[in-house]
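Here the protein sequences come in this chain order: R and A.
Each residue of the first sequence is one higher than the one before, counting from 16 in this note's numbering.
Each residue of the second sequence is one higher than the one before, counting from 16 in this note's numbering.
For glycine and all other residues, C-beta sits at the position ideal for the given N, C-alpha and C.
All remarks here apply to the structure that follows.
2 protein chains.
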Amino acid sequence: MSEPILSHRFSNGLVLVAEPMSWLESAAFTFLVPAGCAHDPDARGGLSGFTCEMALRGAGSRDSRRFIIDLDNLGIDRSESVSNAHTSFSAAMLAENLPRALEIFADVIRRPHLPEEQIEAGRQVMFQELRAVEDEPAQKLMIELRRRHYPDPWGRPSQGEQKALETIGIEDVRDHFRRTYRPNGSILGVAGHFDWQRLKDDVARLFDDWPTAEVPTLTEKSAGPKYEHLDYDSNQTQIGIAYPSVPYRDPDYFQAWGAVGVLSGGMSARLFTEVRERRGLCYSVHASYHTLRDRGGVFCYAGSSADRAQETLDVILAELARLAEGIEAEELDRLKARIKSALVMQQESSSARSSSIARDWYHLGRARTLGEVEELIDGLSCRSINAYLAGHPPGDFTTVTLGPGRLEVSGGVS
Amino acid sequence: MSEPILSHRFSNGLVLVAEPMSWLESAAFTFLVPAGCAHDPDARGGLSGFTCEMALRGAGSRDSRRFIIDLDNLGIDRSESVSNAHTSFSAAMLAENLPRALEIFADVIRRPHLPEEQIEAGRQVMFQELRAVEDEPAQKLMIELRRRHYPDPWGRPSQGEQKALETIGIEDVRDHFRRTYRPNGSILGVAGHFDWQRLKDDVARLFDDWPTAEVPTLTEKSAGPKYEHLDYDSNQTQIGIAYPSVPYRDPDYFQAWGAVGVLSGGMSARLFTEVRERRGLCYSVHASYHTLRDRGGVFCYAGSSADRAQETLDVILAELARLAEGIEAEELDRLKARIKSALVMQQESSSARSSSIARDWYHLGRARTLGEVEELIDGLSCRSINAYLAGHPPGDFTTVTLGPGRLEVSGGVS
């Protein structure tokens with residue numbers, strides 16, 4: 016059912032990438048701006064998120080209230096998020112409203128008011144998001160694990176730090192906006208029902224005169240310690256283990272990804288079976304792949320009662336060691352079946368596709384159709400994955416625990 | 016784009032209702048079994064959920080492990096939930112796998128093993144769900160509000176009670192299964208890509224010999240007190256206000272629903288504007304419609320700092336009083352725009368449609384196409400909604416607060 020993906024690079028560097036899904040009545044876009052939290056200044060953790068929050072409080076000819084009313088009038092379902100590399104503005108709508116939605120977001124991205132009188136209201140929203148993480152030990156743990164696995168600034172949390180959020184002023188927000196909102200490095204992914212020529216013209220009119228800006232440099236620091244325990248008063252212990260892996264653009268990516276799928280994809284996967292089903296050690300256990308442009312990681316999580324935490328950790332480390340010995344044909348078959356379903360579901364969602372093609376472009380400089388992804392996955396074999404695993408056994412683990420007491424990190428480390 | 020909805024009632028009472036979406040490659044079903052938590056025995060709150068959890072641990076020729084592997088092999092994305100009236104089994108998949116998925120779930124629904132040796136594992140899952148609610152004050156509050164707004168057993172929480180969950184044994188589960196899993200009262204909603212004749216034959220083969228069972232009777236008790244404060248050590252106060260409204264099958268339903276949409280739908284709605292935007296009283300405030308078959312309610316929520324809780328409550332009650340005075344044309348226009356978008360998105364999702372048509376059948380004895388729903392919404396006018404509101408002003412409030420101190424419930428009560 017899928018049609019070819021279209022793209023256009025404007026002279027200021029902005030990339031438009033679009034997938035026609037002409038059988039839909041909806042359209043969606045994902046606008047990636049290179050304003051990720053890796054660019055937060057050292058004592059201003061959370062500034063990218065704060066800037067995004069403020070950009071939504073009036074832009075162009077609209078004040079904050081008019082902005083909300085106009086979006087509601089168009090029936091636009093929007094969301095924003097901040098990752099290490101990007102601030103992302105996403106919206107889904109009736110196809111006929113796509114041009115007007117792009118007009119509104121051109122104001123948000125290029126001409127936000129960043130109004131001083133709303134900075135305290137914006138700060139409260141940021142505090143709320145930070146608190147939501149603090150109240151959720153599992154999420155808190157994974158944030159601390161990512162922070163230690165990657166060298167700074169690659170592992171920073173987008174929520175920022177309480178202290179930094181308290182001190183951020185409107186000039187910080189405005190400086191950050193000027194420094195990081197720029198067309199070179201921005202990618203606009205569109206999917207759904209649209210006319211390509213009209214879309215390209217609209218985007219040209221709205222963004223062609225957006226001036227290219229300097230790319231800020233980032234300095235890499237060292238990563239965190241290999242094991243850290245964070246004291247937390249609870250009878251549960253949260254366990255996180257991370258190890259390095261290849262990024263999405265690496266030719267071996269799908270081999271590495273397939274191995275993680277066998278470890279933790281679906282309920283018949285190894286971690287769930289060994290840790291939860293066979294031993295009843297915990298309620299939740301999983302591993303997931305995370306990729307930046309130039310490096311990646313596998314992040315494992317388990318939450319268990321404190322008295323069974325050591326056993327849980329040992330079993331996970333043993334499973335990671337066993338993964339290096341290879342996977343079996345029927346495990347790979349199940350993975351392929353699950354992924355084939357997931358790809359078809361994604362093909363039916365304009366929001367999911369707009370986000371996928373924008374992210375593809377960031378990582379690869381082009382977008383893959385779902386047909387291409389399916390071929391890559393069909394091409395995986397036990398032999399190819401096992402060859403990869405033999406050369407790249409899980410190891411060099413970073414471990415973080417959160418709970419009443421430290422654990423012993425031993426067996427399974429390669 | 017929508018096609019007519021098909022249906023068939025089998026002689027044992029089971030209803031199959033199906034919406035063809037032939038442009039999709041996926042299919043989804045929602046199987047409503049009349050095993051809702053209203054049927055939990057008095058000292059066994061949570062038994063419906065527990066029975067559902069146990070039904071997934073092996074059925075027909077499959078043990079618990081085989082069940083999981085077979086679902087993964089078919090790439091089935093499944094979920095279960097328990098409401099007041101139903102236990103619901105939902106699954107989405109590639110269209111070609113629909114017949115095999117139905118086969119698996121026919122075993123779950125008719126021939127579960129309910130294995131004694133897994134009851135402790137099942138109990139842990141139930142505890143975990145209960146704890147998830149206890150850890151989330153906003154959710155906890157809304158559960159307590161619903162319990163007091165509706166006369167028992169209509170307001171019970173599906174998560175049950177700690178004490179009851181501790182004492183449930185395998186015989187309780189088996190009795191409950193025999194009593195509540197039956198074809199009369201069951202509704203199977205299917206949406207997506209399928210062949211109607213083949214589907215009807217498959218369902219007949221799997222379910223036609225499922226014997227009709229007696230319908231258990233329920234005894235209604237009285238509702239809770241009109242105001243209750245629950246002490247909770249926090250500097251936040253959670254506020255919940257409910258008032259009675261008509262159920263989905265009432266001819267006035269869309270008038271009542273439209274009024275609630277003006278109160279709390281989208282970011283430009285009244286509650287968000289008055290409570291959060293203008294006064295900055297709290298981070299989150301909303302109202303939502305809830306409907307059982309024979310009665311409904313509007314449930315309002317706000318979370319605020321304890322020192323501003325009284326003002327938050329007063330402003331919400333004032334907004335409820337003001338609602339009775341009527342809504343304005345531009346508020347209704349915005350609501351219609353938002354809903355039109357939402358309906359189109361729903362039309363693109365087989366999962367959403369399978370669930371909607373099954374629930375429609377429960378409430379109405381037939382399913383509405385999205386085209387019909389759109390017409391009903393187009394037919395709403397300020398005049399019709401205001402006439403309804405004049406005759407049915409919000410009132411007879413039930414209020415629950417959760418936080419460090421009681422509040423004064425006064426103004427706005429009609």
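Determine, for residue i, whether the minimum Cβ-Cβ distance to residues of chain A falls below 9 Å.
| i | result |
| --- | --- |
| Gln177/R | no |
| Val428/R | With a pLDDT of 41 at Val428/R, under the threshold of 50, the modelled position of this residue cannot be trusted, and the question is left open. |
| Gln253/R | no |
| Thr45/R | no |
| Gly295/R | yes |
| Asn401/R | no |
What does the Cβ neighbour count give for residue i, buried or exposed, with the cut at 16 atoms within 10 Å?
| i | result |
| --- | --- |
| Arg163/A | buried |
| Leu214/A | buried |
| Gly175/R | buried |
| Ala317/R | buried |
| Ala74/R | buried |
| Arg193/A | exposed |
| Thr182/A | exposed |
| Lys155/A | buried |
| Pro198/R | buried |
| Pro127/A | buried |
| Ser396/A | exposed |
| Ser429/R | Unreliable positioning characterises Ser429/R in this predicted model, as indicated by a pLDDT of 36, which lies under 50. The coordinate reading is nonetheless provided below. Exposed, because fewer than 16 other Cβ atoms sit within 10 Å of the Cβ of Ser429/R. |
| Asp87/R | buried |
| Val277/R | buried |
| Asp224/R | exposed |
| Thr234/A | exposed |
| Ala274/R | buried |
| Gln212/A | exposed |
| His187/R | In the sequence on display, residue 187/R carries Asp and not His. The residue in question, Asp187/R, is buried, as its Cβ has 16 or more Cβ neighbours within 10 Å. |
For my contact list, residue i and residue j are in at a C-beta cut-off of 8 Å; report their separation, rounded to the angstrom.
| i | j | result |
| --- | --- | --- |
| Ala106/A | Phe120/A | 7 Å |
| Ser365/A | Met36/A | 6 Å |
| Tyr258/A | Val330/A | About 16 Å separates the two Cβ atoms, so there is no contact after all. |
| Met282/A | Ile83/R | 4 Å |
| Gly204/A | Phe44/A | 6 Å |
| Ser15/R | Leu129/R | Residue 15/R is absent from the model: chain R starts at 16 and stops at 429. |
| Leu417/R | Gln253/R | 4 Å |
| Asp309/R | Pro262/R | 6 Å |
| Ser173/R | Ser98/R | 7 Å |
Looking at chain R, is there any beta carbon in it that lies within less than 9 Å of the beta carbon of residue i?
| i | result |
| --- | --- |
| Val368/A | For the record, residue 368/A in the displayed sequence is Arg; it is not Val. No, because no Cβ of chain R sits closer than 9 Å to the Cβ of Arg368/A. |
| Gly281/A | yes |
| Asn112/A | yes |
| Gly90/A | yes |
Determine the extent of the alpha helix (DSSP H) in which residue i is found, giving its start and end residues.
| i | result |
| --- | --- |
| Cys397/R | Cys397 to Gly406 |
| Gly204/A | Element bounds for Gly204/A: not the alpha helix (DSSP H) but the beta strand (DSSP E), Ile202 to Gly207. |
| Asp246/R | Taken as a continuous stretch (DSSP letters only), Asp246/R belongs to no alpha helix (DSSP H), being part of the beta strand (DSSP E) at Tyr242 to Asp246. |
Taking the C-alpha atoms as reference points, what is the distance between residue i and residue j?
| i | j | result |
| --- | --- | --- |
| Ala238/R | Gly61/A | 47 Å |
| Ala405/R | Ala339/R | 6 Å |
| Ile222/A | Arg421/R | Looking at the sequence itself, residue 222/A is Phe, so the reference to Ile does not match. Roughly 54 Å between the two C-alpha positions. |
| Tyr165/R | Cys67/R | 24 Å |
| Arg189/R | Phe287/A | 27 Å |
| Pro56/R | Gln139/R | 20 Å |
| Ala33/A | Leu358/A | 18 Å |
| Ala324/R | Trp38/A | 49 Å |
| Leu296/A | Gly280/A | 18 Å |
| Ser79/R | Lys236/A | 48 Å |
| Ser356/A | Arg383/A | 17 Å |
| Ile20/A | Ile124/A | 25 Å |
Please decide whether residue i counts as near chain C, where near means a Cβ-Cβ distance under 9 Å.
| i | result |
| --- | --- |
| Val277/A | In the structure shown, chain C cannot be found, because the protein chains are R and A. |
Which residues mark the beginning and the end of the beta strand (DSSP E) in which residue i is found?
| i | result |
| --- | --- |
| Phe25/R | Looking at the DSSP string, Phe25/R is not in any beta strand (DSSP E), and its letter there is neither H nor E. |
| Asp329/R | It is not in any beta strand (DSSP E) - Asp329/R instead sits in the alpha helix (DSSP H) that spans Ala324 to Leu338. |
| Asp92/R | Asp92 to Val97 |
| Cys297/R | Cys297 to Thr306 |
| Ile254/A | Gln251 to Ser260 |
| Leu109/A | Thr102 to Leu109 |
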